[in-house]
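Here is the structure we will look at.
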Amino acid sequence: DAGITQSPRHKVTETGTPVTLRCHQTENHRYMYWYRQDPGHGLRLIHYSYGVKDTDKGEVSDGYSVSRSKTEDFLLTLESATSSQTSVYFCAISGGLAGGPVSEQFFGPGTRLTVL
Amino acid sequence: QKEVEQDPGPLSVPEGAIVSLNCTYSNSAFQYFMWYRQYSRKGPELLMYTYSSGNKEDGRFTAQVDKSSKYISLFIRDSQPSDSATYLCAMTPEETSGSRLTFGEGTQLTVNP
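First to last, the protein sequences are chains V and F. Residues in the first sequence are numbered consecutively from 9, following this note's numbering. Residues in the second sequence are numbered consecutively from 2, following this note's numbering.
Next comes the structure, spelled out in structure tokens:
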């Protein structure tokens with residue numbers, strides 16, 4: 009998975025609790041993304057980062073916040089988890105010198121989050 | 002109305018069949034088109050990449066783009082059980098390293114031995 013790890017890989021939590029998901033890359037790619045994948049919707053962008061401390065909202069950002077204090081780490085926080093945030097979350101990176109299309113995104117293995 | 006429409010399937014075919022996967026889109030600004038393959042419980046990986054209209058072939062895979070109809074296809078010849086996966090189309094208006102991709106829902110394909 010192109011030097012991308014996500015932690016935790018699985019998490020079960022209760023409604024109202026805060027949750028933080030971590031994405032770590034060893035590829036020194038500039039851009040990092042958080043997506044959620046749900047049946048009937050496919051991959052939807054939550055937030056993305058175009059550099060350290062530079063982030064912006066995607067199409068489904070309500071209820072989520074992000075932070076990027078280092079090139080290699082991008083954190084996704086659910087401030088107060090709800091059942092509608094039960095999903096599979098994928099981190100992706102782009103902007104390296106991999107030799108393929110410059111717009112290519114490389115995905116992590118995913119985190120399965122269940123909010124009861 | 003979604004910007005990219007893709008039939009989610011599931012699609013089940015016998016080994017050796019020719020598979021056709023398709024996406025339609027509404028945003029005429031899309032210029033760069035991709036197909037990602039996602040195995041069960043894994044992240045998506047880029048399979049094919051094309052620019053504008055035309056065909057691109059890579060082994061058993063052919064990607065086709067028809068911008069006039071806003072329609073893209075992925076053909077798999079001599080399909081194998083190892084092709085069983087979800088195939089997602091993706092597209093973007095610009096080819097830059099921070100391009101935001103718009104994905105289709107994905108089509109789940111099973112190739113039966």
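Even glycine gets a Cβ: it sits at the ideal position worked out from N, Cα and C. Bear in mind that the values here come from a model prediction, so they are computed numbers and not experimental data.
Review point. Counting only beta-carbon atoms, is V:Arg38 nearer than 8 Å to chain F?
Key: Position 30 of the first sequence, counted from the start, is the residue given in the question as residue 38 of chain V. So, interface residue.
Point to revise | Near-chain F residues of the segment 54 to 69 of chain V - C-beta to any C-beta below 8 Å | key: Tyr56, Tyr58 and Gly66
Point to revise | Three CB pairs or more closer than 8 Å across the segment 74 to 93 of chain V and the segment 37 to 46 of chain F | key: no
Review point. How long is the line joining the alpha carbons of F:Ser29 and F:Met92, rounded to whole angstroms?
Key: Start at 1 with the first residue of the second sequence, and residue 29 of chain F comes out as number 28. Start at 1 with the first residue of the second sequence, and residue 92 of chain F comes out as number 91. Approximately 11 Å, taken between the alpha carbons.
**Study point:** Those runs of the beta strand (DSSP E) which lie wholly inside the segment 39 to 101 of chain V and span at least 3 residues
**Key:** 39 to 46, 50 to 59, 62 to 65, 72 to 78 and 81 to 86
Review point. If you follow the beta strand (DSSP E) that F:Thr93 is part of, which residue opens it and which one closes it?
Key: Within the second sequence, the letter at position 92 stands for residue 93 of chain F. Note, F:Thr93: beta strand (DSSP E), Ala86 to Thr93.
Exercise for review: Determine, using beta carbons only, whether F:Tyr50 comes closer than 8 Å to chain V.
Suggested key: The sequence position of residue 50 of chain F within the second sequence is 49, counting from 1. Chain V contact via Cβ: present.
Practice item. Report the option in V:Met40, V:Val27, V:Val20 and V:Thr23 whose CA atom is closest to the CA atom of V:Gly11. Key: The residue given as residue 11 of chain V occupies position 3 in the first sequence. It is V:Met40 whose Cα lies nearest to the Cα of V:Gly11.
Review point. Alpha carbon to alpha carbon, how far is V:His37 from V:Glu67?
Key: For the purposes of this step, residue 37 of chain V is taken as residue 29 along the first sequence, with counting starting at 1. For the purposes of this step, residue 67 of chain V is taken as residue 59 along the first sequence, with counting starting at 1. In a straight line, the C-alpha of V:His37 is about 22 Å away from that of V:Glu67.
Exercise for review: Note down, in chain order, all residues in the segment 98 to 112 of chain F with a beta-carbon under 9 Å from any beta-carbon belonging to chain V.
Suggested key: Ser98, Gly99, Ser100, Arg101, Leu102, Thr103, Phe104, Gly105, Glu106 and Gly107
**Study point:** Under 9 Å by beta carbon: chain V residues contacting F:Tyr26
**Key:** Counting from 1 along the second sequence, the entry for residue 26 of chain F is found at position 25. The contacting residues do not exist; F:Tyr26 stays about 13 Å from chain V at best.
Practice item. Could you check the C-alpha separation between V:His55 and V:Val110 for me, to the nearest Å? Key: Counting from one through the first sequence, the residue named residue 55 of chain V turns up at place 47. Counting from one through the first sequence, the residue named residue 110 of chain V turns up at place 102. Cα-Cα distance, rounded: 20 Å.
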